[in-house]
Amino acid sequence: MSEVERHSYDVVVIGAGGAGLRAAIEAREHGMRVAIVCKSLFGKAHTVMAEGGIAAAMGNVNSGDNWKVHFRDTMRGGKFLNNWRMAELHAQEAPQRVWELETYGALFDRTKDGRISQRNFGGHEYPRLAHVGDRTGLELIRTLQQKIVSLQQEDFAESGDYEARLKVFAECTVTELLKDGDKVSGAFGYWRESGRFVLFETPAVVLATGGIGKSFKVTSNSWEYTGDGHALAMRAGAALINMEFVQFHPTGMVWPPSVKGILVTESVRGDGGVLRNSEGKRFMFDYVPEVFKDKYAKTEAEGDRWYTDPDNNLRPPELLPRDEVARAINSEVKAGRGSPHGGVFLDVSSRLPAEEIIRRLPSMHHQFKELADVDITAEPMEVGPTCHYVMGGVQVDPDSGQSRVPGLFAAGEVSGGMHGSNRLGGNSLSDLLVFGKRAGAGAASYVEGLGAARPAVLQSDVDSAAEAALTPFTAAAVDGPVENPYTLHTELQQVMNDLVGIIRKGEEMELALKKLDDLRRRAAHAGVEGHRQFNPGWHLALDLANMLLVSECVARAALERTESRGGHTRDDFPVMDSDWRHTTLVCTVDGPGVAVARETPSDMRDDLLALFEIGELRKYYTEAELTGHPGGQE
Ligand code: FAD
0 MSEVERHSYD VVVIGAGGAG LRAAIEAREH GMRVAIVCKS LFGKAHTVMA EGGIAAAMGN
60 VNSGDNWKVH FRDTMRGGKF LNNWRMAELH AQEAPQRVWE LETYGALFDR TKDGRISQRN
120 FGGHEYPRLA HVGDRTGLEL IRTLQQKIVS LQQEDFAESG DYEARLKVFA ECTVTELLKD
180 GDKVSGAFGY WRESGRFVLF ETPAVVLATG GIGKSFKVTS NSWEYTGDGH ALAMRAGAAL
240 INMEFVQFHP TGMVWPPSVK GILVTESVRG DGGVLRNSEG KRFMFDYVPE VFKDKYAKTE
300 AEGDRWYTDP DNNLRPPELL PRDEVARAIN SEVKAGRGSP HGGVFLDVSS RLPAEEIIRR
360 LPSMHHQFKE LADVDITAEP MEVGPTCHYV MGGVQVDPDS GQSRVPGLFA AGEVSGGMHG
420 SNRLGGNSLS DLLVFGKRAG AGAASYVEGL GAARPAVLQS DVDSAAEAAL TPFTAAAVDG
480 PVENPYTLHT ELQQVMNDLV GIIRKGEEME LALKKLDDLR RRAAHAGVEG HRQFNPGWHL
540 ALDLANMLLV SECVARAALE RTESRGGHTR DDFPVMDSDW RHTTLVCTVD GPGVAVARET
600 PSDMRDDLLA LFEIGELRKY YTEAELTGHP GGQE
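Right under this line is the structure:
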């Protein structure tokens, strides 16, 4: 029996990005004792990398903006597959969450008359992204951490202990959730530095573990994004939805090879940057899909006028939703009109004065100068699609964030539904704040409802979790050759990139599933040498099981959905099919693999449906679904 350090909390939040911190603050403010557990350093979550801004319909730059317009844009961006209740709550509550951040100490860039400034982004009808240069995520995390410190100071004043009700466990990875019957009872993990085991006894867990991008070869995501929360939830009995929808951001760096995939923020296009192919053509005008034809400029002159006179001109097609732009770039490169290193050109140098570029996009200027020796104030960048975000995640109740497992909550990128088939830029940071707060409140009220009858952790479950975590050290003793976790990870990334990537085909995904099955068998023999003290090979061997489970969800759901929509493009089924709009694919654990079932989502409330023109809805809905619309009888 392994030695295990034990802690007991009311609520354990796994993940210290925007969603986790906001959930922890909320649960603590409801009087809970809260632990925040994160596998990287505190402050080094994905959220900190967010550049462009937080989408919130404050109407500061264009008074025409309001939550209804934001709701409409979000639904359009997600091609009407979004959980409409989540999209509604998100659009309504995002402005309050941004203002609240300033009460915690954030300071956003200002308009000339002193209001929070808002910038343009793809798919948003009005300038909507509150920002701090191109370092918005850093400010968001800094202020949420500051709020946590201020709450800890309150606790110190009351109890003499800063960590009496809010404690951070950094560089601590959770490997398993524990249950008592059907209810959550705890979380098991290890300290990354010492390798020692740790157990959190708790009736409520909020998953806020972020995305899955490290399963793909070219990605903007960093090392932590191995789909741990997605896999933990599934193994605990929760379901994942929309896993076929993976967002490939149109603009990642393509050169030099060591930095391929690093993000080039959409703000470059929002602030006037244009995309050109090797012939110098602004090709996006050739790629405006039918459903967006009446919303985007038809000529370069009109698109350019929009930046100064948005009320009387249509926006340029460089600002189409990300899925459209990524596919267009992919097509240009495939047609032989790409840049020297296999991307296209993104030019802001001929559009804005140098000092303005440095003021608005300081990180981009620095990033290209340092990493590619390119001065973006004088020459174009080379960019191409990179795996960026997963729309799919844990199926939750929109209002409380609770999954189908009592006591298990999820918020942020690990949860599913909010963004439908494609997320709009800026809608993640707002999602983290809106649903982080809701999940923290949901967890607190669940714990209050339990009273004294708390679920118990079984020692046998702790022993099994410890044994499972140690398997990579005993792989040599098991039948079959010992496999190197790094080799397996590289192979997995190649499979996902080549066979389940930006453009998909049925036979390629079937091949991917065979390869994933083979990789899963081999991963059971993933072995490491040495000790438990900081051993990255061991950590990766454990993360691999999560990546393989989640990758299978992506491949199975993508094979099942025989249409193209948002972040799921099928070469063999290139058209969006209205009959698929009202189908949600739901992944659950089935033996060692994954089962995919179909569910019909609830119908959008009539008052929300009435926010759209019937003509627009007909592009997405079947006639039978539109009978509740005021124009439905036309
Ligand atoms: P994260 O911030 O990803 O945090 C996850 C946390 O979970 C981390 O603390 C991690 O250590 C922890 N964790 C993971 N697994 C475990 C485990 N097993 N045990 C313990 N802890 C674990 N969105 C926008 O809206 N606007 C933008 O401008 C924007 N820019 C972006 C720029 C870049 C380069 C990238 C990569 C993304 C950007 N996004 C943007 C997307 C957005 O940043 C992310 O979707 C969002 O930050 C995710 O937040 P989160 O709280 O869900 O998780």
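The C-terminal residue of the sequence shown carries number 633 in numbering that gives the first Met the number 0, and the numbering is unbroken. Just so you know, even glycine gets a beta-carbon here, dropped at the ideal spot from N, CA and C.
DSSP lists THR172, PHE196 as the bridge partner or partners of TYR189. By a beta-carbon distance limit of 8 Å, VAL197 does not contact VAL12. Their separation comes to about 15 Å.
Residue burial is scored here from C-beta neighbours: LEU547 has at least 16 other C-beta atoms within 10 angstroms and is therefore classed as buried. Around the beta carbon of LYS178, 16 or more other beta carbons sit within 10 angstroms, so the residue counts as buried. Rounded to whole angstroms, the Cβ separation of VAL217 and ASN496 is 6 Å, and the two are in contact under 8 Å.
Relative to the Cα of ARG521, the nearest Cα in the group GLU612, PRO480, GLU509, THR135 belongs to PRO480.
Burial is judged here by how many other beta carbons sit within 10 angstroms of a residue's own beta carbon; ASP517 has fewer than 16 and is exposed.
Between ligand 1 and the CB of ASP396, the shortest heavy atom gap is not smaller than 7 Å.
Residue environment analysis places LEU80 among the buried positions, since at least 16 neighbouring C-beta atoms fall within 10 angstroms of its C-beta. Annotation: the continuous alpha helix (DSSP H) that includes SER158 extends over 135 to 158. Pairing VAL499 with VAL553 gives a Cβ-Cβ distance under 8 Å. Secondary structure of PRO384 (DSSP, three-state): strand. Listed in chain order, the non-local C-beta contacts of LEU143 below 6 Å within the same chain comprise LEU20, local neighbours out to five positions each way being set aside. If you draw a straight line from the Cα of GLN152 to the Cα of GLY104, it comes to about 16 Å. If you look at ILE35, you'll find it in the beta strand (DSSP E) that goes 33 to 37. Taking the Cα of VAL595 as reference, the smallest distance to any Cα among GLU612, ARG560, GLU624 is reached at ARG560. Distance from the C-beta of ILE211 to the nearest heavy atom of ligand 1 is not below 7 Å. For the 8 Å CB-CB criterion, VAL549 and HIS229 form a contact. Secondary structure in the region 580 to 625: the alpha helix (DSSP H) runs of 4 residues or longer, each lying completely within the stretch, are 605 to 608, 613 to 616 in chain order. Of the heavy atoms belonging to ligand 1, at least one sits nearer than 7 Å to the Cβ of MET48. Setting aside the 5 residues that flank it on each side, ALA49 is surrounded in the same chain by THR135, GLY136, LEU428, each with a C-beta closer than 6 Å to its C-beta; the list follows chain order. ASN329 has its Cβ no nearer than 7 Å to any heavy atom of ligand 1.
Straight across, the Cα-Cα distance linking HIS581 with ILE357 is about 45 Å. For PRO309, the three-state secondary structure derived from DSSP is coil. About 3 Å separates the beta carbons of GLY406 and VAL183, which is inside the 8 Å limit, making them a contact pair. In the displayed model, TYR224 falls within coil according to three-state DSSP, outside both helix and strand. Around VAL456, the same chain offers LEU177, SER184, GLY185, GLU200 as residues with beta carbons nearer than 6 Å, after the five sequence neighbours per side are excluded. Comparing alpha-carbon positions, the option among LEU491, GLY14, MET31, ARG350 lying closest to GLU447 turns out to be MET31. With fewer than 16 other Cβ atoms from the protein chains shown falling within 10 Å of its own Cβ, GLU509 counts as exposed. The C-alpha of MET233 lies about 15 Å from the C-alpha of ALA410. When C-alpha distances from LEU539 are compared across ASN241, LEU584, THR621, LYS38, the shortest belongs to LYS38.
Distances from the CA of THR264 to each of GLY271, LYS146, ASP133 were compared; the closest alpha carbon is that of ASP133.
Within 7 Å of the C-beta of ILE115 there is not a single heavy atom belonging to ligand 1.
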